Amino acid sequence: MAANIGLGLIVGAIMALTGAGGGILAVPLLVFGLHMSVADAGPIGLLAVGIAALLGTVLGLKEGVVRYRAALLMAAMGVVLSPVGVWLAKRTDAQWLSVIFGAVLLFVAYRTFRQANEPEPAQGIDCAEALPCVRSAADGRFVWTSQCARALGTAGAVAGLLSGLLGVGGGFVMVPCLRRYSDLDTQSIIATSLAVTALIAVSGVIFSASSGNFDWLTALPFAGGAVGGIIMGKIISHSLKGEHLQKGFATVAVAVGIGMLIKAFI
Numbered sequence: 001m002a003a004n005i006g007l008g009l010i011v012g013a014i015m016a017l018t019g020a021g022g023g024i025l026a027v028p029l030l031v032f033g034l035h036m037s038v039a040d041a042g043p044i045g046l047l048a049v050g051i052a053a054l055l056g057t058v059l060g061l062k063e064g065v066v067r068y069r070a071a072l073l074m075a076a077m078g079v080v081l082s083p084v085g086v087w088l089a090k091r092t093d094a095q096w097l098s099v100i101f102g103a104v105l106l107f108v109a110y111r112t113f114r115q116a117n118e119p120e121p122a123q124g125i126d127c128a129e130a131l132p133c134v135r136s137a138a139d140g141r142f143v144w145t146s147q148c149a150r151a152l153g154t155a156g157a158v159a160g161l162l163s164g165l166l167g168v169g170g171g172f173v174m175v176p177c178l179r180r181y182s183d184l185d186t187q188s189i190i191a192t193s194l195a196v197t198a199l200i201a202v203s204g205v206i207f208s209a210s211s212g213n214f215d216w217l218t219a220l221p222f223a224g225g226a227v228g229g230i231i232m233g234k235i236i237s238h239s240l241k242g243e244h245l246q247k248g249f250a251t252v253a254v255a256v257g258i259g260m261l262i263k264a265f266i
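In case it helps, UniProt numbering puts the sequence shown at residues 1 to 266.
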């Protein structure tokens, strides 16, 4: 049980710091730390990520940084496809799931490294021409357009499918999407991503638990550790630079991704 809690602490802390990393590292930690298969670890990782994300969402709502309308749109699309991902995971060979997971981790690491080295997007009067999702100067809410809704809805759908298939939170899809297509600051991006993750995770966990193949004895301590980790991560998040967090997460993702690929073929 101590190992479960400790691994959960790591997941929660990374989630609080990155809004994405904890979710995608939950399953590899269970695979390497507790010697589980990707298919079995997926629902457990999803429960822990979902609970931790819910706590992060509550904290974000208190701070007023969650864009809840955007979160609801993305989550609605994700909830539809999350059970499809769970269904596919149970019917996909374990070796191929590990290969897919490793490839996704390497891709996320590449995108994160690239993003960390890019200058912050310009903000100002020209922002509306450059980005589809822009906040109104009057009330700070998004000015909704079909282009904005399409970008966020697509990201939510992809996040939901991968959430069910791999047991990940989907933040690694939503955070880059919000960075690329909106003028939100980092704190708001992370908080909104956590809100979507929490909502999508609910459907995936319910679908998985209803099938009767869910290890609650492993899942509950792991989820409890994740909650503690996200509290600790929130405390220290304001004192760390976003660029350093991104590069640190990308480095870990490369190592874990290579490990998942090696594991698939030995």
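Glycine included, C-beta positions come from ideal geometry on N, C-alpha and C.
Treat the numbers as computed from the prediction; the structure is a model and nothing was measured.
So, for residue i: in the same chain, excluding its five sequence neighbours on each side, which residues have a beta-carbon less than 7 Å away from its beta-carbon?
i, result
"ALA109", "ALA250, ALA253, VAL254, GLY257"
"VAL99", "LEU261, ALA264"
"LYS90", "ALA39"
"ALA94", "SER37, VAL38, ALA39"
"LEU245", "LEU17, THR18"
"THR92", "none"
"ALA41", "VAL27, LEU30, VAL31, GLY167"
"VAL84", "LEU161, GLY164"
"ARG111", "PRO176"
"GLY212", "none"
"LEU88", "LEU165"
Going by Cα to Cα distance, which pick from the options is closest to residue i?
i, options, result
"residue 269", "MET74, MET36, LEU61", "No statement about residue 269 is possible, as the shown extent of the chain runs from 1 to 266 and does not include it."
"GLY50", "GLY160, THR154, LEU105, ARG67", "GLY160"
"LEU131", "TRP87, ILE266, CYS177, ASP139", "CYS177"
"ASP215", "GLY233, GLY23, LEU30", "LEU30"
"GLY167", "ALA151, VAL86, ASN4, PHE107", "VAL86"
"VAL80", "THR154, MET1, ALA191, GLY248", "THR154"
"MET1", "THR218, GLY233, ARG180", "THR218"
"GLY233", "LEU59, GLY140, PHE101", "LEU59"
"GLY23", "HIS35, LEU46, GLY102", "LEU46"
"ILE266", "GLY212, THR112, TRP96", "TRP96"
So, are the CB atoms of residue i and residue j less than 9 Å apart?
i, j, result
"ARG135", "LEU184", "yes"
"ALA71", "VAL175", "no"
"ILE230", "ALA52", "yes"
"residue 285", "ALA48", "Because the chain in this structure spans residues 1 to 266, residue 285 falls outside the shown range and cannot be described."
"PRO28", "LEU105", "yes"
"ALA151", "THR57", "no"
"VAL158", "GLY170", "yes"
"GLN259", "GLY102", "The sequence shown places Gly at residue 259, rather than the Gln named in the question. For GLY259 and GLY102, yes; Cβs fall inside 9 Å."
Report the CB separation of residue i from residue j in whole angstroms; it is logged as a contact under 8 Å.
i, j, result
"GLY6", "GLY225", "6 Å"
Using 9 Å as the limit for Cβ to Cβ distance, is residue i near chain B?
i, result
"VAL27", "As a matter of chain content, chain B is missing from the structure shown, which is built from one protein chain."
Here's a check: name, in chain order, each residue in its chain whose Cβ is nearer than 6 Å to the Cβ of residue i, leaving out the five neighbours to either side.
i, result
"LEU9", "GLY225, GLY228, GLY229"
"SER82", "GLY160, SER163, GLY164, ILE200, SER203, GLY204"
"LEU55", "VAL227, ILE230"
"LYS247", "ALA116"
"VAL65", "GLN187, SER188, ALA191"
Identify, in the order they occur along the chain, each residue of the same chain with its Cβ nearer than 8 Å to the Cβ of residue i, setting aside the five sequence neighbours on each side.
i, result
"PHE142", "ARG67, ARG69, ALA70, CYS133, VAL134, ARG135, SER136, CYS148, SER182"
"GLN123", "With a pLDDT of 48 at GLN123, under the threshold of 50, the predicted position of this residue should be treated as unreliable, though the coordinate-derived value follows. Closer than 8 Å at the Cβ level, and outside the excluded window around GLN123, lie ASP183."
"LEU25", "ILE10, VAL11, ILE14, VAL252, ALA253, VAL256"
"ILE189", "GLY19, VAL175, LEU178, ARG179, SER182"
"ALA3", "GLY33, LEU34"
"PHE107", "none"
Could you tell me whether any non-hydrogen atom of the ligand MN is closer than 8 Å to the CB of residue i?
i, result
"ILE262", "The model on display carries no ligand, and the ligand MN is accordingly not part of it."
| message | Count Cβ pairs between the stretch 190 to 205 and the stretch 74 to 87 that sit closer than 8 Å; are there 3 or more? | response | As far as the Cβ criterion goes, the stretch 190 to 205 touches the stretch 74 to 87, which means the pair count is three or higher.
| task | Check whether the stretch 200 to 207 touches the stretch 139 to 154, taking contact to mean three or more Cβ pairs, one atom from each stretch, closer than 8 Å. | result | no
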